[in-house]
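Input: a single structure, listed below in structure tokens.
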Ligand code: PXL
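Numbering (the numbering used here), first residue to last: 20 to 295.
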């Protein structure tokens, strides 16, 4: 007999080492019991002969639209995660695809810069993302840099400033059609002993803190966090519950991180064991 597990779509880039991108997303979905469906936006191959610089190749916009069409024609998908897009043309086709059908949840991990891209090109992409994809998001998960950029702040150095950034990003989301959420991530870089995330729903601020596991950044943490939120939403959780589980998934994944020759170790999604 066919089964009907919870399903989720991810629209993201390949990061060839397996540490981040759609590889991390699909591993996270699987670990949380969600059948993953993927639309690839770009291919990133770090260059080991050039300081692990990001070699970036966008997928043709028509091919992105075709993947999305195949995925949504095959399955009833209500939950989608948006990861790295990388070019204005990609942002445009993804925004158009998202708008073509209803979604219960659109989780946007607003990956802004990829090293190796021209700053000018990245600025175009940032603007396109803000104007075209942000309005579709029901949950946005900026890291420190992305939160400051989207909020128009110079830098974020405290939980108060992280909260202010979350409020400013939330103010850019459409109002009036259901609660939308910003989860601003302090990560390893926000000063202090804890890894702090600020969840803002337009009214209430919830601060989630857990002790930092060292001061080093770990590759794939942001992708895994947003993917875990997506998976839990696909299983029927509400956003605050999904965010709490996602934090546990990332914490367990960083504790059990996989050694890598890249400058950062990578998250191990297999470390998380659901309770109960
Ligand atoms: O971690 C951000 C990220 C997301 N997606 C892809 C990436 C990266 C960082 O390298 O390559 C495809």
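A virtual CB, placed ideally from N, CA and C, is assigned to each residue, including glycine.
Item	Value
Where residue 154 falls: helix, strand or coil (DSSP)	helix
CA nearest to the CA of residue 237, picked from 254, 211, 269 and 261	269
Endpoints, beta strand (DSSP E) assigned at residue 98	98-101
Given residue 57 as reference, the closest of 48, 63 and 65 once Cα atoms are compared	48
Cβ neighbour criterion (16 or more within 10 Å) applied to residue 128	buried
Contact set for residue 220: own chain, Cβ-Cβ below 7 Å, skip 5 residues either direction	198 and 200
Residues that residue 200 bridges to, as DSSP identifies them	158
Rounded straight-line distance, which links the Cα of residue 209 to that of residue 175	8 Å
Residue 41 beta carbon near the ligand PXL (any heavy atom closer than 8 Å)	yes
With 16 other Cβ atoms within 10 Å as the buried cut-off, status of residue 123	exposed
Close beta carbons around residue 86, own chain, < 7 Å, minus the five adjacent residues each side	58 and 59
Proximity test, residue 130 beta-carbon vs the ligand PXL heavy atom, cut-off 8 Å	yes
Per-residue DSSP class, three states only, for residue 274	helix
DSSP bridge partner residues for residue 225 (one or two, in chain order)	218
Simplified DSSP state of residue 263, which is helix, strand or coil	helix
Cβ-heavy atom distance, residue 76 to the ligand PXL, below 8 Å	no
Beta strand (DSSP E) segment containing residue 55, residue limits	54-66
Beta strand (DSSP E) runs contained entirely in the stretch 84-127, provided each spans 3 or more residues	98-101 and 124-127
Test item: CB-CB of residue 38 and residue 283 under 9 Å	yes
At least three beta-carbon pairs within less than 8 Å, the stretch 104-119 to the stretch 253-260	no
Close beta carbons around residue 46, own chain, < 7 Å, minus the five adjacent residues each side	288
Collapsed DSSP secondary structure at residue 44 in the structure displayed	helix
Buried or exposed (CB count within 10 angstroms, at least 16 for buried), residue 50	buried
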